[in-house]
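Step one of this worksheet: look at the structure below.
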Amino acid sequence: MTNESEKIILTRRDLHRIPEEGLQEYETSRYILERVKKISKSWINYRVQETAVAVFFEGKNKSKRTIGWRADIDGLPITEETGDSYASVHPGWMHACGHDVHTAIALELLDYFSKIQPADNLLILFQPAEENECGGQRIYNNHLLAGWEPTEIYALHCNPSLPTGTVSTRSGVLFASACELTVTFEGTSGHAAMPQNSADLIVAAADFIQQTQQIISRKKDPLEPAVISYGVITGGDVYNILPGKVSLKGTIRSLNEETKEKLETNLKKSAASIEVFHDCKITLDFNYRGYLPVINNEELTHKFINYIKHRTDIAFEIAKPTLAGEDFGFLSNIFPGMMFWLGVNSPYGLHHPKFKPDEEALMIGFEICAGFLQERLNEE
Ligand SMILES: [Zn+2]
Ligand SMILES: [Zn+2]
């Protein structure tokens, strides 16, 4: 093992021990800052905003081009079950989405690019709250990037089902838009033995859930992927009282605007018909926040695929789009962007308590990013 690959593995393990909630990544942010402060060059500046850290490398050419790299730094509310010696020391929290891997690679890029001043500007962004609060949108709206706006931006995500040494991406949509849906049913509560005198909101909610799945199968083009899943249902306290309030919480995923609108319209129609039939009031709250679909810029994706194809040590696959969400969708909607999957060959998937990326993928990921960014930073 080379010194460098040992260093990146140790960095990742340091980060792996301290997973934190989105916007509360104080220890992680301090760790990043310590590393940033170690590189002191007149052409490197940094900014801190809450737990976010942005590092700007001024290019030699005083160019207007700024190549951006984004890493996300937050963990997940999952109790780790890997049994590793460097497992999380924060009870109930785990880096189960590989953001420790993403951050370790970005820190290695920071060291690498601080050695020789690049031709164009480089922005390395450590972004909070990818999982819960759309950190990308937040830092953008709070002007963390003012004057440092990238002219193109890149990111990667660990992929447990790809072998180590394989990367994958596609031009166009890679991740879905994600919308949180809250459905609230309100009506007259009453005796469970006399349902005719009240609204049975539990039956109304059951009807709504059934119709939701019919929207997916009957009300949109079957060739356009989409999912509506409910993760929470609440209502009632006792066996024999029909409750006055029931609520559902779920998520809506789709790959394009047209499908998204179709789903929303049909959910509203379904709610209106159930209101009439069940004598209740239904409120739908759609919260899209900044989880826009990740749409890879065609030109940048071609450049990346060309770069990868010249590397005989890396295998490449064209990716399929996924209905998972990624808040890189926000930044890549503002700036031309491209994201790719890095194979980490884990027997357990993302968000699983035993998710365990192959650490060999760290150095591979770093080398791909360093090589590709170097090429982009020096393009005539
Ligand atoms: Zn995740
Ligand atoms: Zn993630």
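All residue numbers for the sequence shown refer to the numbering used here, where the first residue is 68 and numbers rise by one.
A virtual CB, placed ideally from N, CA and C, is assigned to each residue, including glycine.
Contact belief for residue i with residue j at Cβ below 8 Å, rounded distance in angstroms
{"i": "A154", "j": "E147", "result": "5 Å"}
{"i": "P195", "j": "E325", "result": "Contact flag wrong, Cβ pair sits at about 32 Å."}
{"i": "H224", "j": "D167", "result": "So it is not a contact: roughly 13 Å between Cβ atoms."}
{"i": "P398", "j": "Y98", "result": "Note on residue identity: the sequence assigns Leu, not Pro, to residue 398. The pair is not a contact, with the Cβ atoms about 23 Å apart (cut-off 8 Å)."}
{"i": "L192", "j": "G135", "result": "6 Å"}
{"i": "G404", "j": "I220", "result": "5 Å"}
{"i": "N188", "j": "R102", "result": "20 Å between Cβ atoms; not a contact."}
{"i": "A171", "j": "L429", "result": "6 Å"}
{"i": "F242", "j": "G416", "result": "About 16 Å separates the two Cβ atoms, so there is no contact after all."}
{"i": "S244", "j": "Y358", "result": "6 Å"}
{"i": "G89", "j": "E200", "result": "5 Å"}
{"i": "W408", "j": "S235", "result": "5 Å"}
{"i": "T231", "j": "I431", "result": "7 Å"}
{"i": "S321", "j": "T301", "result": "No, S321 and T301 are not in contact; Cβ-Cβ is about 26 Å, not under 8 Å."}
Nearest candidate by alpha-carbon position, reference residue i, set the options
{"i": "L143", "options": "H419, T233, I431", "result": "H419"}
{"i": "I52", "options": "E447, C436, P230, G303", "result": "Because the chain is modelled from 68 through 447, residue 52 falls outside the range shown and cannot be assessed."}
{"i": "L390", "options": "A382, F344, N323", "result": "N323"}
{"i": "G303", "options": "D274, V270, C246", "result": "V270"}
{"i": "T328", "options": "L315, A293, G239", "result": "Here residue 328 is Glu; the residue named in the question, Thr, does not match the sequence. Cα-wise, what sits closest to E328 is A293."}
{"i": "D267", "options": "Y358, I401, F123, H345", "result": "H345"}
{"i": "Y179", "options": "K105, E197, E200", "result": "K105"}
{"i": "E73", "options": "E426, E384, L444, L176", "result": "E426"}
{"i": "G410", "options": "F383, P388, M161", "result": "F383"}
{"i": "A173", "options": "V361, V122, E200", "result": "V122"}
{"i": "Q277", "options": "L417, A386, A338, G214", "result": "A338"}
{"i": "C164", "options": "K370, T233, E393", "result": "E393"}
{"i": "R285", "options": "N333, N70, R79, C246", "result": "N333"}
{"i": "L190", "options": "W215, Q204, I401, Q281", "result": "W215"}
{"i": "I442", "options": "E71, W408, I372", "result": "Note that residue 442 is Glu in the sequence shown, not Ile. If we check each option's Cα against that of E442, I372 comes out closest."}
{"i": "F439", "options": "T368, E342, K423", "result": "T368"}
{"i": "W160", "options": "E198, I401, N354", "result": "E198"}
{"i": "E446", "options": "N70, A186, F353", "result": "A186"}
{"i": "V343", "options": "D274, L176, K129", "result": "D274"}
{"i": "I75", "options": "T95, E175, F402, C246", "result": "E175"}
{"i": "N182", "options": "G126, E94, I145", "result": "A small correction: the amino acid at residue 182 is Lys; Asn does not occupy that position in the sequence shown. Among G126, E94, I145, the Cα nearest to that of K182 belongs to G126."}
{"i": "E291", "options": "I145, W408, M406, P388", "result": "P388"}
{"i": "I145", "options": "K129, S130, H162", "result": "H162"}
{"i": "Q184", "options": "N70, P158, I341, K129", "result": "K129"}
{"i": "E366", "options": "R356, K335, M406, H169", "result": "M406"}
{"i": "R80", "options": "K423, F124, K336, K316", "result": "K423"}
{"i": "L330", "options": "K287, N264, R356, F433", "result": "K287"}
{"i": "L444", "options": "E94, T95, F124, F353", "result": "F124"}
{"i": "N354", "options": "S340, K316, K370", "result": "K316"}
Burial state of residue i (16 or more Cβ within 10 Å)
{"i": "W460", "result": "The displayed coordinates of the chain run from 68 to 447. Any statement about residue 460 would go beyond what the structure contains."}
{"i": "P289", "result": "exposed"}
{"i": "H377", "result": "exposed"}
{"i": "P414", "result": "exposed"}
{"i": "V299", "result": "exposed"}
{"i": "P86", "result": "buried"}
{"i": "N364", "result": "buried"}
{"i": "S107", "result": "exposed"}
{"i": "D380", "result": "exposed"}
{"i": "S296", "result": "exposed"}
{"i": "P217", "result": "buried"}
{"i": "G150", "result": "exposed"}
{"i": "I140", "result": "buried"}
{"i": "Q280", "result": "exposed"}
{"i": "Q204", "result": "buried"}
{"i": "A222", "result": "buried"}
{"i": "V156", "result": "exposed"}
{"i": "I319", "result": "buried"}
{"i": "L77", "result": "exposed"}
{"i": "P360", "result": "buried"}
{"i": "P158", "result": "exposed"}
{"i": "S152", "result": "exposed"}
{"i": "I362", "result": "buried"}
{"i": "T95", "result": "buried"}
{"i": "T69", "result": "exposed"}
Short CB-CB distance (under 8 Å) between residue i and chain B
{"i": "N323", "result": "The structure shown has no chain B; it contains just one protein chain."}
At least 3 beta-carbon pairs within less than 8 Å: the region 348-356 vs the region 252-268 | They touch, by the three-pair rule.
* Cβ contact check for the region 253-272 and the region 300-314: 3 or more pairs under 8 Å -> Remark: three or more beta-carbon pairs, one from each stretch, lie closer than 8 Å, so the region 253-272 and the region 300-314 are flagged as touching.
**Asked** Going along the chain, which unbroken runs of the alpha helix (DSSP H) with 4 or more residues stay wholly within the region 272-325?
**Response** Correct list: empty.
- Task: Go through the region 116-146 residue by residue and report every complete run of the beta strand (DSSP E) that reaches 3 residues or more, in order.
- Result: Within the region 116-146, the beta strand (DSSP E) runs of at least 3 residues that lie entirely inside it are, in chain order, 119-124, 133-139.
Tell me the start and end of each unbroken alpha helix (DSSP H) in the region 178-233 that is at least 4 residues and wholly inside, in chain order.
Whole alpha helix (DSSP H) segments, 4+ residues: 202-208.
| message | Three Cβ pairs or more, each shorter than 8 Å: is that satisfied between the region 102-117 and the region 227-242? | response | These segments do not touch.
Checklist entry - Which runs of the beta strand (DSSP E) spanning at least 3 residues fall entirely within the region 336-378, listed in chain order? => result Runs of the beta strand (DSSP E) inside the region 336-378: 348-354, 361-363.
(Q) For a minimum of 4 consecutive residues, which ranges assigned as the alpha helix (DSSP H) are wholly contained in the region 417-445? (A) Runs of alpha helix (DSSP H) with 4 or more residues, each lying fully within the region 417-445, are found at 427-444, listed in chain order.
To test your reading of the DSSP string, which unbroken beta strand (DSSP E) runs of 3 or more residues are found completely within the region 89-118? Runs of the beta strand (DSSP E) inside the region 89-118: 111-116.
Which runs of the beta strand (DSSP E), 3 residues or longer, sit entirely within the region 385-414?
-> Secondary structure remark: continuous beta strand (DSSP E) runs of at least 3 residues inside the region 385-414, in chain order: 404-410.
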